[in-house]
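Going by numbering that gives the first Met the number 0, the residue at position 291 of the sequence shown is 290; the numbering climbs one at a time, nothing skipped. So the structure is just underneath, and the comments pick up after that.
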Amino acid sequence: MFGAIDRLRQGLRKTRDSIVGRLGELFVGKVRLDAATLDEIEALLISADLGVKASTRIVQSIEKRLKETGGEATLEGVTQVIRADIAAILREAQTSVKVRSWDEAGEAPARGRKARAARTAPAPPDGGAVPSGPRVIFVVGVNGTGKTTSIAKLAHLHKQAGRRVLLAAGDTFRAAAVEQLRIWADRVGVDFVTQGQGADAAAVVHDALSAAEARGHDLVIVDTAGRLHTKSNLMDELGKVARVIRRKCGRDPETLLVVDANTGQNGLQQAKIFAETVPVDGLILTKLDGTAKGGIVVAIAETLGLPVRYVGLGEKVGDLEVFDPEAFAEALFTLSGPEDAAEGGGDRP
Ligand SMILES: Nc1nc2c(ncn2[C@@H]2O[C@H](COP(=O)(O)OP(=O)(O)OP(=O)(O)O)[C@@H](O)[C@H]2O)c(=O)[nH]1
Ligand SMILES: [Mg+2]
C-alpha cells in the first residue's frame with residue numbers, strides 16, 4: 000500500500016522523468032549558468048507545460064539566487080528554486096476564491112471591490128432560508144474529462160471518512176451515463192438516485208435531495224452532462240439544477256470543475272468557458288498519471304485563476320488525492336521512491 004505522497008510520485012512519474020531527466024542533462028557538477036543555459040531551463044519548463052508566465056518567473060528566481068551565490072549553480076540548487084517557486088505559484092492560486100454567485104452567473108467575473116464585497120458578504124439564499132440539509136457537490140466539466148470517475152473517487156474518499164454519500168445521476172443525456180454511475184455507486188457502496196435517461200436533470204436532483212433529507216445523507220454528489228457547448232446552454236442546464244439545490248438547501252452547491260491534464264489549448268479554452276460562465280469553487284485535475292506534462296497544473300491554476308482541490312492519478316477509486324501544493328512540488332522532483340514497484344490493474348466499470 001502506498002501513502003499519499005508515494006501515489007502522487009507514482010502518478011507524476013512521466014512528468015518527473017521528463018523535467019528532472021532533462022535538467023540532469025544540462026548539469027554536471029557545478030556550472031556557471033549563462034544566459035544560454037537559463038534559456039534552456041526556461042524552454043524545458045515551458046515544454047513541461049508550465050506556461051510562459053510561470054516559467055519566466057521561475058527562471059528570474061534562479062537568476063536572482065545565482066547572483067547571491069556568485070553565479071555558480073548545482074543541479075540540486077536549481078531544482079530547489081524551481082520546486083519552491085512551483086509550490087508558491089500553486090499556493091497563491093489556492094487562496095483565490097469564488098467571486099460570483101449563481102445569480103450573477105453568465106456575467107463577466109467580478110473583480111476588485113465588487114469581488115471582495117461578494118467574498119465577505121455572500122448573497123443571502125432565496126427567500127432568506129436558513130441553510131440546512133446535506134452538503135452538495137456539483138461536478139461540471141467538458142465531456143470525457145473524468146467527471147463520473149472523479150465522483151466515484153470523491154464518494155469513496157468521503158465514505159472512508161465516515162460520511163453517508165448519495166450520488167445523483169444528473170447526466171441524463173445517455174443511458175450509458177446513468178448506468179456508469181450506478182455501477183460506481185454499487186462498487187463504492189453508496190446510494191444512488193436516478194430517473195433514467197432523458198429525465199430532467201433538475202428533477203433528478205430535487206428527488207435526490209429529498210431522499211438525502213429523508214434518509215440522513217451527509218453529502219450528495221451530482222453528476223452532470225458535459226455536452227453543453229454554448230454559454231447559454233450551459234447556464235440554462237446547470238443554472239436550473241443549481242437553483243433547485245439552493246431552494247432545497249438554502250445555499251449554493253459547491254461546484255467543482257473537472258479538467259483533463261492532457262487537455263491541449265482547446266480543452267483549456269472549453270474549461271475557461273465553464274469557469275467564466277458558472278461560479279466554480281475549485282478544480283479537479285484528472286489523468287495526471289497519463290501525461291509527461293504535469294506542469295499543466297501550474298498553467299491551468301494560473302489561467303483559470305482557480306484553486307486545485309483534487310488531482311486524479313488513475314482509473315481506480317483510490318486514485319484521487321486532495322491537492323497540496325507542497326506535496327505536488329515535492330513529488331515532481333523527488334528522485335527516487337517506490338514508483339518503480341509494479342502497480343495493480345484498473346477497476347473501472
Ligand atoms: N488514467 C486516468 N484515467 C482517468 C482518470 N480519470 C478518468 N479517467 C478515464 O477517463 C475516461 C472518461 O472518464 P469519465 O469519468 O467517464 O468522464 P466524464 O467526464 O464523466 O465523461 P462524459 O460523461 O462522457 O462527459 C474513462 O476512461 C476514465 O477511466 C485519471 O485520473 N487517470
Ligand atoms: Mg460522465
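Ideal Cβ positions, reconstructed from N, Cα and C, are used throughout, including at glycine.
Return helix, strand or coil for residue i, following the three-state DSSP convention.
i	result
D125	With a pLDDT of 44 at D125, under the threshold of 50, the modelled position of this residue cannot be trusted; read the value that follows with caution. Residue state, collapsed to three classes: helix.
L25	helix
E253	strand
E71	strand
D217	coil
F172	coil
T285	strand
V177	helix
G188	coil
D206	helix
D102	coil
V30	strand
A198	coil
G313	coil
I18	helix
G76	helix
A92	helix
V277	coil
K63	helix
L267	helix
A87	helix
A53	helix
A291	coil
A224	coil
List the endpoints of the continuous alpha helix (DSSP H) containing residue i.
i	result
A328	324-332
D302	A small fix is needed here, since residue 302 is Thr in this sequence, not Asp. Per DSSP, T302 belongs to the alpha helix (DSSP H) from 295-303.
A154	146-159
L44	34-46
K230	230-248
A3	3-10
At which residues does the beta strand (DSSP E) containing residue i begin and terminate?
i	result
E320	319-321
V138	134-139
How many whole angstroms separate the CB atoms of residue i and residue j, which I take to be in contact at a CB cut-off of 8 Å?
i	j	result
V219	L256	Contact flag wrong, Cβ pair sits at about 18 Å.
I57	L44	6 Å
E320	V307	Going by Cβ atoms, the distance from E320 to V307 rounds to 10 Å, so no, they are not a contact pair.
S131	G249	6 Å
E62	L37	6 Å
D222	I150	5 Å
Just list the residues that DSSP pairs residue i with in beta bridges.
i	result
V307	L282
L165	D190, V219
V258	L284
Can you find a CB in chain D that lies within less than 8 Å of the CB of residue i?
i	result
P278	Looking at the structure shown, chain D is missing, and only one protein chain is on hand.
Does the segment 231-246 come into contact with the segment 261-271, if we say contact requires no fewer than three beta-carbon pairs (one atom in each stretch) closer than 8 Å?
no
Taking one C-beta from the segment 206-214 and one from the segment 178-194 each time, how about it: are there three or more such pairs within less than 8 Å?
yes
Meets three-Cβ-pair contact criterion under 8 Å: the segment 17-28 and the segment 265-281
no
Inspect the CB distances between the segment 282-296 and the segment 162-170 and report whether three or more fall short of 8 Å.
No: fewer than three Cβ pairs fall under 8 Å.
Looking at C-beta atoms only, is the number of pairs between the segment 321-329 and the segment 82-92 that lie closer than 8 Å three or more?
yes
Quick one: any contact between the segment 12-19 and the segment 287-294, if contact means 3 or more CB pairs under 8 Å?
Result yes; three or more Cβ-Cβ pairs closer than 8 Å.
At a cut of 8 Å, does the segment 27-41 reach the segment 64-81 through at least three beta carbon pairs?
Because the criterion of three Cβ pairs below 8 Å is met, the segment 27-41 and the segment 64-81 touch.
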